[in-house]
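Accompanying notes for the structure given below.
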Amino acid sequence: MPMTSSDRQRLAASWLTMQTTPELGATREDLAWVVEKVWDLCDDAPNDAFEFILAVLDRDASHATLAVLCAGPLEALLRRHGPRIIGRVERCARRDANFARLLAHVWQSALPKTIWARVQHVRDRHVDCDQPANGYRARSAAGH
Numbered sequence: 069m070p071m072t073s074s075d076r077q078r079l080a081a082s083w084l085t086m087q088t089t090p091e092l093g094a095t096r097e098d099l100a101w102v103v104e105k106v107w108d109l110c111d112d113a114p115n116d117a118f119e120f121i122l123a124v125l126d127r128d129a130s131h132a133t134l135a136v137l138c139a140g141p142l143e144a145l146l147r148r149h150g151p152r153i154i155g156r157v158e159r160c161a162r163r164d165a166n167f168a169r170l171l172a173h174v175w176q177s178a179l180p181k182t183i184w185a186r187v188q189h190v191r192d193r194h195v196d197c198d199q200p201a202n203g204y205r206a207r208s209a210a211g212h
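So for the sequence shown, this note's numbering puts the first residue at 69; every next one is plus one.
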């Protein structure tokens, strides 16, 4: 069953909280479910995982968040479901500067060569990754 919008927003908020919580402590332990849920989505529900990534970007498109989001969920999603999800990645990067900036953090590592080539093409073609971006937040506020 696909995630509801409120479930996705809760997961995104919890994931962001976890990223800023010290590794030792009760709060971090209380958020252990977040890691498991995100990896489960990346393994078994690529569309929900993609929507989770967009929800995180909508809340926080800082450099630190982009780096962690990319090195974890986005790369896992591309590695596991690249052929299924790459078209959506390309479309999103063309219209969302923050998402294109996120792609700047993708490393080839274990990505299939064809997926890597498409990631490189869309990120290099559509955004100068060093430039600030209006991105997803502006469109969300406009209802797009």
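Don't be surprised by glycine CBs; every beta carbon is placed ideally from N, CA and C.
For clarity, every value in this text was computed on a predicted model and none was experimentally measured.
When P141, L146, R169 and S177 are compared, the shortest CA-CA separation from V102 is found for P141. By the Cβ criterion, the region 135 to 151 is in contact with the region 113 to 122, since at least three pairs of Cβ atoms, one from each stretch, lie closer than 8 angstroms. Bounds of any alpha helix (DSSP H) do not take in C138, whose DSSP letter is neither H nor E. A check of alpha carbon separations from D112 across I153, E91, D128 and A94 identifies I153 as the nearest.
Separation of L125 and M71 (C-alpha to C-alpha, rounded to the nearest whole angstrom) is 17 angstroms. For T95, the uninterrupted alpha helix (DSSP H) segment begins and ends at A94 to D98.
A distance below 9 angstroms separates the beta carbons of A123 and R76. A contact between stretches requires three or more CB pairs, one per stretch, nearer than 8 angstroms, and the region 124 to 138 meets this requirement with the region 73 to 90. Per DSSP, M71 lies in no alpha helix (DSSP H) and is assigned neither H nor E.
Judged by DSSP secondary structure, E158 falls within the alpha helix (DSSP H) whose first and last residues are E143 to R163. Around the beta carbon of R193, a 10 Å sphere encloses fewer than 16 other beta carbons of the protein chains shown; the residue is thus reported as exposed. The Cβ atoms of L137 and H173 sit closer than 9 angstroms to each other.
Around the CB of T182, fewer than 16 other CB atoms lie within 10 Å, so the residue is classed as exposed.
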